[in-house]
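*Asks:* Sharing a structure, written as structure tokens. Questions coming.
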Amino acid sequence: MIESDEGMNTNDGKKKWLNEQHTDRVGTQLYMSPEQISGMSYNYKVDIYSLGVIFFELLNPFTTEMERYQTLTRLRNNIFPSQFSKKFKNEYHLLSLMLSPNPNARPTTFGIRARPPLCDEDSNYDPTLIDETCHFQLHNRKRLISNNLTPQHK
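Read in order, the letters of the sequence shown correspond to residues 700 to 853 in the working numbering.
Take a look at the structure:
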């Protein structure tokens, strides 16, 4: 490995820029959110997008790698396989949110768990009765510090 002001050359002949953020462009492109691919800033909602792709794969097995690539590429454009929305009605609705190109439209993990098919079947999910803001954005949590856990000063 040879370092220079511009970057460092690795053993495979590729140049690695020294000022790259550690998490830049990490992951398989088929699982990357639109904001990651376009190089925009991003937050935890990229993980919700990737989780949506994985959840879709669990429901829709592929027979070939080419079929997988083509289907997941279409999914990026919100094109689901025919019959998917009929066969997996609740999952389709949830995946449509998780795979939204708009990160703000993607639910939090709380929002995912509170929706069918992951919510308790006896809960009679009714989005009109629930404060949806906690389903799409994280709320600040107050950290309680016990007196016996605080550092002692001498």
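Virtual Cβ for every residue (Gly too), placed ideally from N, Cα, C.
Quick check: the Cα distance between Phe783 and Tyr791, rounded to an integer number of angstroms?
*Replies:* For the purposes of this step, residue 783 is taken as residue 84 along the sequence shown, with counting starting at 1. For the purposes of this step, residue 791 is taken as residue 92 along the sequence shown, with counting starting at 1. Roughly 7 Å between the two C-alpha positions.
*Asks:* Using three-state DSSP, classify Thr772 as helix, strand or coil.
*Replies:* Working through the sequence shown from its first residue, we reach residue 772 at position 73. Looking at Thr772 - three-state DSSP - the assignment turns out to be helix.
*Asks:* Could you compute how far the alpha carbon of Lys786 sits from the alpha carbon of Ser795?
*Replies:* By one-based count along the sequence shown, residue 786 stands at place 87. By one-based count along the sequence shown, residue 795 stands at place 96. About 15 Å.
*Asks:* State the Cα-Cα distance for the pair Phe779 and Asp819, rounded to the nearest angstrom.
*Replies:* Position 80 of the sequence shown, counted from the first residue, corresponds to residue 779. Position 120 of the sequence shown, counted from the first residue, corresponds to residue 819. About 26 Å.
*Asks:* Quick one: grab the DSSP three-state call for Tyr741.
*Replies:* For the purposes of this step, residue 741 is identified with residue 42 of the sequence shown, where counting begins at 1. It is coil, neither helix nor strand.
*Asks:* Report the residue ranges of all beta strand (DSSP E) runs contained in full by the region 752–811; include only those spanning at least 3 residues, in chain order.
*Replies:* With a minimum length of 3 residues, no continuous beta strand (DSSP E) run stays inside the region 752–811.
*Asks:* So is Arg724 buried or exposed if we call it buried at 16+ other beta carbons inside 10 Å?
*Replies:* What you label residue 724 is simply residue 25 of the sequence shown in a count that begins at 1. Only weak support is given to the placement of Arg724: the predicted model assigns it a pLDDT of 48, under 50, and the value that follows is read from those uncertain coordinates. The residue is exposed, with fewer than 16 neighbouring Cβ atoms inside 10 Å.
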